[in-house]
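Using this note's numbering, you'd call the opening residue of the sequence shown number 57 and step up by one each time. Ideal placement from N, C-alpha and C gives every residue a C-beta, glycine not left out. None of the values given here were measured: they were computed from a predicted structure.
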Amino acid sequence: YQYIWGQLRGVPSWIRGQYFRVANPIQHFSVLPPIVGCGVPPGATLMETSHGSCEVALNAGFFDTHTFACHGNLVSDGEIVQNTAVQNVNFGITRNGTFVVGYLSKEDVLRYDFLQLVAGVGWLVRDGKLYANA
Numbered sequence: 057y058q059y060i061w062g063q064l065r066g067v068p069s070w071i072r073g074q075y076f077r078v079a080n081p082i083q084h085f086s087v088l089p090p091i092v093g094c095g096v097p098p099g100a101t102l103m104e105t106s107h108g109s110c111e112v113a114l115n116a117g118f119f120d121t122h123t124f125a126c127h128g129n130l131v132s133d134g135e136i137v138q139n140t141a142v143q144n145v146n147f148g149i150t151r152n153g154t155f156v157v158g159y160l161s162k163e164d165v166l167r168y169d170f171l172q173l174v175a176g177v178g179w180l181v182r183d184g185k186l187y188a189n190a
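Here is the structure:
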């Protein structure tokens with residue numbers, strides 16, 4: 057675990073978290089949808105559903121807690137799983153290794169030739185500064 061200086065509910069404090077460095081993310085980072093697909097209630101833990109030989113698996117992306125449908129854009133290993141008009145912040149890697157963070161239109165998802173892409177809900181860090189209040 058690492059500690060970073062930030063704000064928690066508006067109060068300056070040390071925040072504990074984990075981060076992982078990947079030397080070559082284009083070959084070692086994947087966005088993988090649920091094995092059973094979006095829209096199916098989860099029946100297993102993250103560790104039980106991780107794909108392949110993952111050394112680190114974590115949750116990403118948001119879903120509707122009633123229908124379990126995935127929210128926002130989702131591209132896995134170059135295949136578009138979902139391309140929506142929902143305007144949320146996205147994180148992705150294109151086939152040429154470019155990182156893309158920000159809001160994307162449906163056309164952007166097609167134009168940038170993503171290898172991996174997942175949508176969030178809002179910015180956590182923007183322009184090098186903490187943007188979200190926890």
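Q.
What does the Cβ neighbour count give for Q74, buried or exposed, with the cut at 16 atoms within 10 Å?
A. exposed
Whole-angstrom Cβ separation of V181 and V131, contact assumed at under 8 Å? Between V131 and V181 the Cβ distance is about 22 Å, and since that is not below 8 Å, they are no contact.
On the CB-based measure, 16 or more other CB atoms within 10 Å of its CB, does L166 come out buried or exposed? exposed
| query | What are the start and end residues of each continuous beta strand (DSSP E) run of 3 or more residues lying completely inside the segment 124-185, in chain order? | reply | 130-132, 135-138, 145-150, 155-159 and 170-175
- Verify whether the separation of the beta carbon atoms of G176 and V145 is less than 8 Å. yes
Practice prompt. Below 8 Å on the Cβ atoms is my guess for I149 versus F85; work out the distance and round it to an integer in Å.
Written response: 7 Å
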